[in-house]
Amino acid sequence: MLLRRRSAVLLVLAGLWPLLVWPNFVRVIVTDKRAFDGGPTAYLIVHVTLAAVSMAFGVVLVVLGVRAYRRAR
1169 MLLRRRSAVL LVLAGLWPLL VWPNFVRVIV TDKRAFDGGP TAYLIVHVTL AAVSMAFGVV
1229 LVVLGVRAYR RAR
């Protein structure tokens, strides 16, 4: 399937968004008093997992967008 450049750029931008937003969110979660209570709490584990999955999807979108952009030339 061949995408237009505009669609490829949109994929890259959509992939960059979670890569820019979630690391700051993780930093805030880790410094929250609910994150540790003698060890990592479920609160920390759930939120870090959400961030990791979202960032993984972001990486996939960036890779697909870059590949589509290169093929659209």
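When you read off a place in the sequence shown, starting at 1, and then add 1168, the result is the number in this note's numbering.
Using N, Cα and C, we set each Cβ at its ideal position, and we do this for glycine too.
The segment 1186 to 1198 makes no contact with the segment 1232 to 1240: fewer than 3 CB pairs, one atom from each, lie closer than 8 Å.
The alpha-carbon separation between leucine 1170 and proline 1191 amounts to approximately 32 Å. With 16 or more other Cβ atoms from the protein chains shown falling within 10 Å of its own Cβ, proline 1186 counts as buried. In this structure, the straight-line span from the alpha carbon of histidine 1215 to that of alanine 1182 is close to 21 Å.
Residue range 1173 to 1199 is occupied by the alpha helix (DSSP H) that includes alanine 1182. In the DSSP assignment, methionine 1223 falls within the unbroken alpha helix (DSSP H) covering 1210 to 1239.
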